[in-house]
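Protein chains in written order, with our numbering: chain A, 1 to 395; chain B, 1001 to 1071.
By construction, the Cβ of each residue, glycine as well, lies at the ideal position given by its N, Cα and C atoms.
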């Protein structure tokens, strides 16, 4: 069993799966940033955890010493690692893998999906109307992104439960259970191989068909590439945004003043969402050290992993004034929730649209809500942080 | 700021990664290409009255890809 970490544990043997870290990582990161800004653990074959903005930034830009081929910290990494182009692609191949997808995710392209997102939110809210209580994560947040991305990809949203199970198995339970990763991976590969075959015979207006028609240097994409990209878009399109929406609802359920302000000043919602993204950035990617180098003066060794904590960088007081305070009208907010450099989250415009729409619709329907009495809020661990369980009292 | 000072905004192309914050904040000054990367409109000239928006866009660029020149 894990116990709560002491300071010397944090310096030499941090544990990002410790219950206190999962529940409230921010004071732990603040302490690390002050006393040991590049923490390390021997667990998981060796992992570094930089907490300073400048170190996170330097790593994100340094593709010479840090590879993206492994993005998740696990007890037993897959060998060879599974590909998820373009997020697992390194230069020079990365540019072409990413470029073909970019036009699908510009703000204008994403705007076309806004009516659907709004309809999904309204439908979910319709099911809750009249209720005294609900779970903001299980009944609302987690259903929104999955339905949007399922439609964009061209897979049935009736399979949403299956998609969410894969994500939980790959990103959470799989951290310590390699067999679970292998099993979920196999299921996902089969699922998308089948979906691709279907589109080959019957093209449709969706991303599977788009990828089947796409070319790099005049060559069609390999089946492995297409399935890998589909796996990525599914995983990245669901868990991350659901976590962000849930964190926004958690904040507003626990900060009545901010909630009142957003109810009466709806125009402030997009600005507030940027602040929620800064303060509760859900995603921590990882890199593999491939060449000896230093991070913040600390030597890092090839073969070890580095957790690239954009959430910790967003809380660095040397860059963000009152970094530990959520200021919903913060003006200067160059947060890095969507990453930095060539791997900037390709779905950032989609995520922003979904979060803003989800909050607009929720606040219009439920201007009054708070945590349910005796609510137990649980948070996910590993690559993505967000509330899994968020019992709310409505009205 | 002196009265005759003019501001010019410039996106450093190789740094822009398409976060699109500048366009969200100051659509009068910036636009996106088909890949979602930002470019300054009006050859970078910041019209009078939009200076504050230009500075705000700069402060919100995560990649620090936005330069503002005072001339």
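With its beta carbon less than 8 Å from one in chain B, residue 340 (chain A) belongs to the interface.
In the three-state reduction of the DSSP assignment, residue 1014 (chain B) falls in the coil class, being assigned neither a helical nor a strand state. At a C-beta separation below 9 Å, residue 1018 (chain B) has these neighbours in chain A: 102, 105, 106, 344, 346, 348, 349. Residue A:305 holds the alpha-carbon nearest to the alpha-carbon of residue 44 (chain A) among A:135, A:369, A:305. Under a criterion of Cβ atoms nearer than 9 Å, no residue of chain B is adjacent to residue 237 (chain A); the nearest Cβ is some 17 Å distant. A straight-line Cα-Cα distance of about 34 Å links residue 165 (chain A) and residue 219 (chain A). Residues of chain B with a Cβ closer than 8 Å to the Cβ of residue 99 (chain A) are, in chain order, 1035.
Within the region 25-108 of chain A, the complete alpha helix (DSSP H) segments at least 4 residues long are 26-35, 53-61, 93-99, listed from N- to C-terminus.
Annotated as proximal: residue 211 (chain A) and residue 229 (chain A), with beta-carbon spacing under 8 Å. Closer than 8 Å at the C-beta level to chain A, one finds these residues of the region 1049-1064 of chain B: 1056, 1059, 1060, 1061, 1062, 1063, 1064. Secondary structure note for residue 294 (chain A): its beta strand (DSSP E) is the uninterrupted segment 293-295. Between residue 1027 (chain B) and residue 1040 (chain B), the alpha-carbon positions lie close to 10 Å from each other. Chain A places a beta carbon closer than 8 Å to that of residue 1032 (chain B), counting this residue as a contact. Around residue 378 (chain A), the same chain offers 388, 389 as residues with beta carbons nearer than 6 Å, after the five sequence neighbours per side are excluded.
Straight-line spacing of the CA atoms in residue 187 (chain A) and residue 1043 (chain B) works out to 52 Å.
Excluding sequence positions up to five before and after residue 199 (chain A), its CB lies within less than 8 Å of the CB of 154, 206, 208, 209, 212, all in the same chain and listed in chain order.
For residue 1046 (chain B), not one C-beta of chain A is nearer than 8 Å to its own C-beta. Under the Cβ distance rule, residue 336 (chain A) counts among the residues neighbouring chain B, one pair being separated by less than 8 Å.
Under the three-state reduction of DSSP output, residue 254 (chain A) falls in the helix class. The DSSP assignment places complete beta strand (DSSP E) segments of no fewer than 3 residues inside the region 341-395 of chain A at 369-371, 387-389, 391-394, in order along the chain. DSSP places residue 175 (chain A) within a helical segment (H, G or I) once states are collapsed to three. Residue 1019 (chain B) sits in coil when the DSSP states are folded into three classes, being neither helix nor strand. For residue 331 (chain A), at least one C-beta of chain B is nearer than 8 Å to its own C-beta. In the DSSP annotation of this structure, the continuous segment of the alpha helix (DSSP H) that includes residue 120 (chain A) starts and ends at 114-128. Residue 20 (chain A): not part of any beta strand (DSSP E); member of the alpha helix (DSSP H) spanning 19-23, first to last residue. For residue 82 (chain A) against residue 216 (chain A), the beta-carbon gap comes to about 20 Å, at or over 8 Å, which does not count as contact.
With fewer than 16 other beta carbons inside 10 angstroms of its own, residue 294 (chain A) counts as exposed. As DSSP reads the structure, residue 1040 (chain B) sits in a beta bridge with B:1030. With the rule of 3 Cβ pairs closer than 8 Å, the region 311-325 of chain A does not count as touching the region 358-376 of chain A. The Cβ of residue 1012 (chain B) sits no closer than 8 Å to any Cβ of chain A.
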